[in-house]
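Asks: This is the structure I have questions about; it appears just below.
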Amino acid sequence: MSPPPIRFFNTLSRAVETFTPLRVGAVGIYCCGPTVYHYAHIGNLRTYVFEDVLRRFLESEGFKVTHVMNITDVGHLESDADEGEDKMILAARREQKSPWDIARFFEDAFFADTAALNLRRPTIVCRATDHIAQMITFVKALEEKGMAYSVEGNVYFDTTKFLTYADFGRLDLAAMQEHARVDKDPRKRSPQDFVLWFSQSKYPNQIMKWDSPWGVGFPGWHIECSAMASHYLGARFDIHCGGIDHIPVHHTNEIAQSEGRFGDKWVNYWLHGEFLVLDKGKMSKSKGDTLTIETLREHGYNPMGFRYLCLTTHYRGPLKFSYESLESACNALETLRNKKADWESAPLPSLTEKDHAALDVYRGQFRDALAEDLNTPVALSVLWTCLRDEKISDAAKLVFLKESDVILGLLKQPESLSLTAEQENLITEREKARAAKDWSRADELRQSLEAQGIILKDRATGTDWFVKR
RNA sequence: GGCGCGGUGGCAGAAUGGCUAUGCAGAGGACUGCAAAUCCUUGUAUGCCGGUUCGAUUCCGGCCCGUGCCUCCA
28 MSPPPIRFFN TLSRAVETFT PLRVGAVGIY CCGPTVYHYA HIGNLRTYVF
78 EDVLRRFLES EGFKVTHVMN ITDVGHLESD ADEGEDKMIL AARREQKSPW
128 DIARFFEDAF FADTAALNLR RPTIVCRATD HIAQMITFVK ALEEKGMAYS
178 VEGNVYFDTT KFLTYADFGR LDLAAMQEHA RVDKDPRKRS PQDFVLWFSQ
228 SKYPNQIMKW DSPWGVGFPG WHIECSAMAS HYLGARFDIH CGGIDHIPVH
278 HTNEIAQSEG RFGDKWVNYW LHGEFLVLDK GKMSKSKGDT LTIETLREHG
328 YNPMGFRYLC LTTHYRGPLK FSYESLESAC NALETLRNKK ADWESAPLPS
378 LTEKDHAALD VYRGQFRDAL AEDLNTPVAL SVLWTCLRDE KISDAAKLVF
428 LKESDVILGL LKQPESLSLT AEQENLITER EKARAAKDWS RADELRQSLE
478 AQGIILKDRA TGTDWFVKR
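Under the numbering used here, the first residue of the first sequence is numbered 28, with each subsequent residue one higher.
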C-alpha cells in the first residue's frame with residue numbers, strides 16, 4: 028500500500044489539495060523574506076520556521092528543493108526619521124552609515140536569528156538591490172504588453188488589464204474603495220493600481236536610486252518578488268509562501284504582474300502562515316511590544332524553545348504566544364535533549380525485530396501527519412508516544428528521535444560558551460566530592476554552577492554540562 | 001464595509017459524527033545520594049441557542065466574544 032499523498036492547503040482554491048510538482052523529483056519554493064531595516068520579531072520568525080519545516084519535509088520525501096528567499100534591502104530609509112524608534116538606524120545615521128550598511132547589518136542579524144532557530148539557509152538568498160536590472164526588464168515587458176502606464180515618471184500596473192485581479196484575495200474592490208484608509212495617488216487610474224517604478228518619490232532625500240528608462244528612481248514595492256522568483260525559478264513554479272497578511276495586496280499584485288507578463292498560471296500552490304499573537308493581538312512596533320530572539324534570551328530562554336513552540340501549533344492557525352507557553356516548550360525540549368544525551372551516553376543493544384516493526388509504524392504516522400498539510404503538532408505527538416512506548420527499546424527510541432529530528436530540527440545544541448578555568452575546576456572538585464560521597468559538598472558546587480547558568484548532568488560516562496535554557 | 005483566523009481541561013494545542021491526541025504545569029509514587037535526570041499513576045475541557053442524527057465537540061443555521069488584513073508589515 029502506498030502512503031497517502033502529500034497535501035497542502037492552497038490559498039488559490041482555499042482547499043487542501045494533493046501536491047504534484049511541475050517536475051518529477053524537484054520542487055521550487057519562493058518565500059517572501061525580511062525587510063532589513065529592523066530586527067526580525069518572533070512573529071516574523073514563526074513564518075520562517077514553518078517554511079523551514081516545509082522544505083525539510085519535502086527533502087525528506089526525496090525532492091530536490093530549490094528554496095529562494097529575497098532580502099528586501101531597498102526602501103525609504105529617509106522616511107524613518109520621523110519614526111525615530113530604531114536605535115540602530117539612528118545610530119547608523121549618526122555614524123553616517125549608508126542605507127546599504129544598515130541593510131547589511133540587519134541582514135546579518137536576521138541570519139544570526141534564523142541560525143539560532145536552526146533554520147536551514149535557503150538555497151538561494153537574493154537581495155533586491157542586486158536585481159534592479161531584472162526588475163527593469165520586468166516592468167518593460169509589462170509596458171510592452173500594455174499592462175502598465177507611465178505618469179510623471181512613475182510606472183503603474185494597470186489592474187483593469189488583469190481581469191482576475193480580485194480573485195486570489197477574493198477582494199470586493201468597490202467595498203474596499205469605500206473604506207480606503209489611504210488617500211488615492213491622483214496619478215493612478217484605478218485605486219488598486221500599484222507602482223512598478225518610482226521616479227517621483229514622496230521622499231525628497233531618497234538615497235537608494237537607480238537609472239531607468241523612466242527616470243532615476245527605485246522599484247515599486249511588489250516587483251522584486253516577481254522579478255527574482257521568475258529569475259531563479261522560472262515563469263512557472265511550484266510553491267510560494269509568505270505570511271497571511273500578504274494575500275490581499277502583495278501576493279495579489281505579484282500574481283497580477285507575473286501572470287500579466289507571462290500570460291499563464293504563475294504559481295501552483297500558495298501557502299500562507301498565520302500570525303503569532305499576543306494576549307492583546309498581534310505585536311506591533313507602534314505598540315512598543317515587539318519581541319525578538321534577543322528579548323527571549325534576555326528573559327533566559329533558549330531560542331530553540333521558540334522553535335519547539337512553533338511546531339506545537341499548526342502553521343495555519345494563530346499561535347498564542349506567552350512566556351508561559353514558551354516555558355512549557357522549553358521544558359519539553361529539555362526533556363528531549365536529556366533523553367538523547369542519556370541514551371547516547373550508554374551502550375545500547377541492537378534493535379530487535381519488534382523494534383523494527385514498531386519503528387515502521389511510527390515512521391509512517393510521523394510522515395503521514397506532515398504529508399497532511401504539514402501537521403507538526405501531530406508529528407510531535409507521534410514522537411512523544413514513541414519515546415514513552417514501553418514495548419520498544421531505548422535504542423529504537425533514539426533512532427526515531429534522531430530520524431524525526433532531521434525534519435523537526437530541535438536537537439541542535441544550544442549555542443554554547445566554553446567554561447572558564449574556574450568553572451572547570453568546580454566540576455572537577457565536585458567529581459571528587461561525589462567520589463568521596465560528600466553529597467552536601469557536591470550539591471553545593473552544583474548550585475554554585477547553576478547560579479552561573481551551568482546545569483550539570485551526571486551520566487553513566489561522567490558529568491556533562493549544559494548552558495541553562 | 002470587504003476578506004480571513006480563532007473560541008477545547010490551569011496553560012499550549014491536535015483530532016474526531018459514537019470510544020476525546022500530545023506537551024507543560026499541579027498531585028502522588030518508583031529509582032537515586034534525601035541531588036540531577038528518567039519512569040509510572042492521576043483529576044479537570046470542547047463559547048451560547050437551535051437544527052439534522054440513534055448519537056455532535058465534530059455537519060448545518062443563528063448569535064456572542066476575541067483577533068488579523070484591507071497602508072510597508074510574517
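Where a beta carbon is used, it is the ideal one built from N, C-alpha and C, also for glycine. On a predicted model such as this, the values are computed, not experimentally measured, just so you know.
1. Count the other CB atoms within 10 Å of the CB of Ile320; is the residue buried (16 or more) or exposed (fewer)?
2. Relative to the alpha-carbon of Thr317, which residue among Glu44, His65 and Ala42 has its alpha-carbon at the smallest distance?
3. For Glu112, count neighbouring Cβ atoms within 10 angstroms of its own Cβ and tell me buried if that reaches 16, exposed if not.
4. Can you give the Cα-Cα distance for Pro246 and Val222, rounded to whole angstroms?
5. Assign Lys167 to one of three DSSP states: helix, strand, or coil.
6. Assuming contact is defined by CB atoms lying nearer than 9 Å, are Leu437 and Tyr335 in contact in what I supplied?
7. Just mark Trp248 as buried or exposed, buried being the case when its beta carbon has 16 or more other beta carbons within 10 Å.
8. My guess is that Leu397 and Phe35 are in contact by the Cβ rule of under 8 Å, so how many angstroms apart are they, rounded?
9. Using only CA atoms, which one of Asp387, Phe84 and Ala160 lies nearest to Arg147?
10. Thinking C-alpha only, which one of Thr150, Asn71, Leu483 and Ser125 is nearest Glu361?
11. Can you round the beta-carbon distance between Glu251 and Met331 to whole angstroms, since I take them to be within the 8 Å contact cut?
12. Considering only their Cβ atoms, is the gap separating Thr339 from Val80 smaller than 9 Å?
13. Curious, which full-length beta strand (DSSP E) runs of at least 3 residues does the stretch 434-488 contain?
14. Would the stretch 472-482 count as touching the stretch 447-455 if we require 3 or more Cβ pairs under 8 Å?
15. Going by DSSP, what residues sit across from Lys91 in a beta bridge?
16. Excluding the 5 residues preceding and the 5 following Val152 in the sequence, name in chain order all residues of the same chain whose CB lies nearer than 7 Å to its CB.
17. Check Tyr66 in the structure and name its three-state DSSP category.
18. Please name the residue in Ala155, Ala139 and Thr150 whose C-alpha comes closest to that of Trp127.
19. Cβ of Ser87 within 9 Å of Cβ of Val426?
20. Can you tell me whether DSSP reads Ile33 as helix, strand or coil?
21. With a threshold of 16 other CB atoms inside 10 Å of the CB of Arg197, please say whether the residue is buried or exposed.
22. Is the number of C-beta pairs between the stretch 349-367 and the stretch 381-395 that are closer than 8 Å three or more?
23. In the DSSP assignment, what residue or residues form a beta bridge with Arg505?
24. Taking the Cβ atom as the reference point for each residue, do Gly391 and Pro30 lie within a distance shorter than 9 Å?
25. Please return the same chain residues whose Cβ sits closer than 7 Å to the Cβ of Tyr75, not counting the five positions on each side in sequence.
26. Can we say the stretch 43-59 touches the stretch 264-280, given the rule of at least three CB pairs closer than 8 Å?
Replies: Inspection of the coordinates gives the following:
1. Sequence index remark: in the first sequence, residue 320 carries index 293 (1-based). Label assigned to Ile320: buried.
2. In the first sequence, the residue the question calls residue 317 occupies position 290. Minimum Cα distance to Thr317 is reached at His65.
3. On the first sequence, residue 112 is found 85 positions in, with the first residue counted as 1. Low confidence applies here, because Glu112 scores a pLDDT of 47, under 50, leaving its location unreliable; read the following figure in that light. Glu112 should be labelled exposed.
4. Here residue 246 refers to the residue found at position 219 when the first sequence is read from its first residue. Here residue 222 refers to the residue found at position 195 when the first sequence is read from its first residue. Computed Cα separation, rounded: 8 Å.
5. Residue numbering aside, residue 167 sits at position 140 when the first sequence is read from its first letter. Helix at Lys167.
6. Residue numbering aside, residue 437 sits at position 410 when the first sequence is read from its first letter. Residue numbering aside, residue 335 sits at position 308 when the first sequence is read from its first letter. Their beta carbons are under 9 Å apart, which means Leu437 touches Tyr335 by this criterion.
7. Locating residue 248 in the first sequence gives position 221, where the first residue counts as 1. The residue is buried, with at least 16 neighbouring Cβ atoms inside 10 Å.
8. Indexing the first sequence from 1 puts residue 397 at position 370. Indexing the first sequence from 1 puts residue 35 at position 8. Incorrect: roughly 11 Å between the Cβ atoms, too far for contact.
9. Sequence index remark: in the first sequence, residue 147 carries index 120 (1-based). When each option's Cα is compared against that of Arg147, the closest is Phe84.
10. If you number the first sequence from 1, residue 361 lands on position 334. The shortest Cα separation from Glu361 among Thr150, Asn71, Leu483 and Ser125 belongs to Leu483.
11. If you number the first sequence from 1, residue 251 lands on position 224. If you number the first sequence from 1, residue 331 lands on position 304. Glu251 to Met331, Cβ: 31 Å. No contact.
12. As a working mapping, residue 80 is identified with position 53 in the first sequence. As a working mapping, residue 339 is identified with position 312 in the first sequence. Going by C-beta atoms, Val80 is not nearer than 9 Å to Thr339.
13. 481-486
14. yes
15. Residue 91 sits at position 64 when you count from the first residue of the first sequence. DSSP lists Ala53 as partners of Lys91.
16. Taking the first residue of the first sequence as 1, we reach residue 152 at position 125. Hits under 7 Å: Met96 and Ile98.
17. Residue mapping note: residue 66 aligns to position 39 of the first sequence, counting from 1. Tyr66: coil per DSSP, three-state reduction.
18. Looking up residue 127 in the first sequence gives position 100. When each option's Cα is compared against that of Trp127, the closest is Ala155.
19. Here residue 87 is taken as the residue at index 60 of the first sequence, counted from 1. Here residue 426 is taken as the residue at index 399 of the first sequence, counted from 1. No, the Cβ-Cβ distance between Ser87 and Val426 is not below 9 Å.
20. Here the question's residue 33 lines up with position 6 in the first sequence. The answer is coil: DSSP assigns Ile33 none of H, G, I, E or B.
21. Counted from its first residue, the first sequence places residue 197 at position 170. Exposed, because fewer than 16 other Cβ atoms sit within 10 Å of the Cβ of Arg197.
22. no
23. Only positions 28 to 496 of the chain appear in this structure, which leaves residue 505 out of reach.
24. Translated into positions along the first sequence, residue 391 becomes position 364. Translated into positions along the first sequence, residue 30 becomes position 3. For Gly391 and Pro30, yes; Cβs fall inside 9 Å.
25. Your numbering for residue 75 matches position 48 in the first sequence. Closer than 7 Å at the Cβ level, and outside the excluded window around Tyr75, lie Thr141 and Leu146.
26. yes
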